[in-house]
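Structure, as structure tokens:
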Amino acid sequence: MLPLSVCRAFSHSAQILGASILPHHHVLNIQKSGSSYHIETSNGEFEAKHVVIANGVWGSAFFHSLGLGESLVPVKGECISVRNDHMPLKHTLFHEHSYILPRKGRLVIGATMVENDWSETPALGGIQKLIMKAKSMLPGVEDMKLESCWAGLRPQTFDRKPFIGRHPEQEQVFFAAGHFRNGILLAPATAAMIRDLILGRRVRSDWAEAFKVDRRAPEHVRR
Ligand SMILES: Cc1cc2nc3c(=O)[nH]c(=O)nc-3n(C[C@H](O)[C@H](O)[C@H](O)COP(=O)(O)OP(=O)(O)OC[C@H]3O[C@@H](n4cnc5c(N)ncnc54)[C@H](O)[C@@H]3O)c2cc1C
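Numbering (our numbering), first residue to last: 8 to 230.
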């Protein structure tokens, strides 16, 4: 299923289960206030008993403001989509980091890996690399018509494993960030783990250890 459809389905299901989703509320500040947290946004202020920081590569600011040292680094990925009226491709082609995905009436060609680029706009150089690579994998793409192109930022941690867990000193604050290339795939497991932590249920100890938010980067990779 397409990532966009998955996100829409998650959002729809969450609302059926009672969640409120407030678009265009940019969180500016999170501050402890008595036994809860005061959340200041671009569109109003809120009180919360529990806070889950899950804002991708932009999460670094909250790691720092909540006293944790680690940073997330963007790895930009660019993709293109072309119309495909005649190529009977049934399976994904994958080579090194590149892939060609068959979709209904089109092919999706991805994806570049550009470290430390915060721009969410595709660059011509990235698109050119994708086209060259796609032509070497499937020469017939040359005649296909360009449909669209886009870019996103993969949130990368120092060891490429996500941070999923409780703040070491603030027990109502949780992090779910840094999923790098697998944030869609890992969304259900991440959500289940955060839910269990909030509800005080047991979580797998090997997962808790692997993803804990205060694991430290070795000195030579600390940014
Ligand atoms: C080209 C490409 C292909 C990919 N393919 C796959 C794949 O096939 N499978 C897979 O599992 N993963 C894939 N990924 C990786 C996946 O997209 C990421 O791992 C995932 O999006 C991370 O999810 P996230 O919710 O942590 O962060 P994001 O998706 O970046 O979402 C963070 C959200 O928080 C919002 N935000 C930021 N700051 C604030 C703030 N202060 N207040 C309120 N909101 C804020 C942002 O606007 C954004 O909407 C791909 C990534 C790219 C770029």
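Positions of the beta carbon are idealized from the N, C-alpha and C atoms, including for glycine. Given the structure is predicted, the values throughout are model-derived calculations rather than measurements.
**Report entry** Rounded Cβ spacing between L153 and F181 (contact assumed at less than 8 angstroms)
**Finding:** Contact check for L153 and F181: beta-carbon distance about 42 angstroms, past the 8 angstroms limit, so the pair fails to qualify.
Query - H32 and T48 closer than 8 angstroms at C-beta - result: yes
Query - Same chain only: Cβ atoms within 7 angstroms of K97, ignoring 5 sequence neighbours per side - result: So the list reads P109, once near-sequence residues are dropped.
Query raised in the report: What three-state label does DSSP hand F165 in the structure shown?
Result: coil
Requested in this report: Assuming C86 and V121 form a contact by the criterion Cβ under 8 angstroms, report the distance between their Cβ atoms to the nearest whole angstrom.
Outcome: Going by Cβ atoms, the distance from C86 to V121 rounds to 12 angstroms, so no, they are not a contact pair.
Requested in this report: Take the Cβ of P30 as the centre, count every other Cβ of all protein chains shown within 10 Å, and call the residue buried at 16 or more, exposed below.
Outcome: exposed
Report task. Could you check which residue in G84, F69, H93 and P146 has the C-alpha nearest to that of L160? Result -> G84
Query raised in the report: At which residues does the beta strand (DSSP E) containing A183 begin and terminate?
Result: Membership of A183 in the beta strand (DSSP E) is indicated by the continuous run V180 to A184.
Requested in this report: Measure the alpha-carbon distance for H174 versus T99 and round it to whole angstroms.
Outcome: One C-alpha to the other measures close to 39 angstroms.
**Report entry** Interface flag, G25 vs chain D, CB-CB below 8 angstroms
**Finding:** No chain D is present in this structure, which holds just one protein chain.
Query raised in the report: Does the Cβ of M151 have 16 or more other Cβ atoms within 10 Å, making it buried, or fewer, making it exposed?
Result: buried
Query raised in the report: Would the beta-carbon of R110 be found less than 7 angstroms away from any heavy atom of ligand 1?
Result: no
Report task. Give me the Cα-Cα distance between L9 and P81, rounded to the nearest whole angstrom. Result -> 22 angstroms
Requested in this report: Check R15 in the structure and name its three-state DSSP category.
Outcome: helix
Query raised in the report: Quick one, are the C-beta atoms of F218 and G147 less than 8 angstroms apart?
Result: no
Report task. Decide if the region 129-140 is in contact with the region 35-51; the criterion is three or more beta carbon pairs, one per stretch, under 8 angstroms apart. Result -> With the cut-off at 8 angstroms, the region 129-140 and the region 35-51 do not touch.
Report task. Just mark F101 as buried or exposed, buried being the case when its beta carbon has 16 or more other beta carbons within 10 Å. Result -> The residue in question, F101, is exposed, as its Cβ has fewer than 16 Cβ neighbours within 10 Å.
Query raised in the report: Does the beta-carbon of I192 have 16 or more other beta-carbons within 10 angstroms, so that it is buried, or is it exposed?
Result: Per the sequence presented here, residue 192 reads as Leu, with Ile not at that position. So L192 ends up on the exposed side.
Query raised in the report: Do you know whose CA, among E149, G112, A158 and L11, lies nearest G132's CA?
Result: The candidate whose alpha carbon is nearest that of G132 is A158.
Query raised in the report: Going along the chain, which residues of its own chain have a beta-carbon closer than 6 angstroms to the beta-carbon of A224, five neighbours each way excluded?
Result: F165
Query raised in the report: What do you reckon, are the CB atoms on A61 and A184 nearer than 8 angstroms?
Result: yes
Requested in this report: Since I believe C156 is in contact with P129 (beta carbons under 8 angstroms), could you give me their beta-carbon distance rounded to a whole number of angstroms?
Outcome: 5 angstroms
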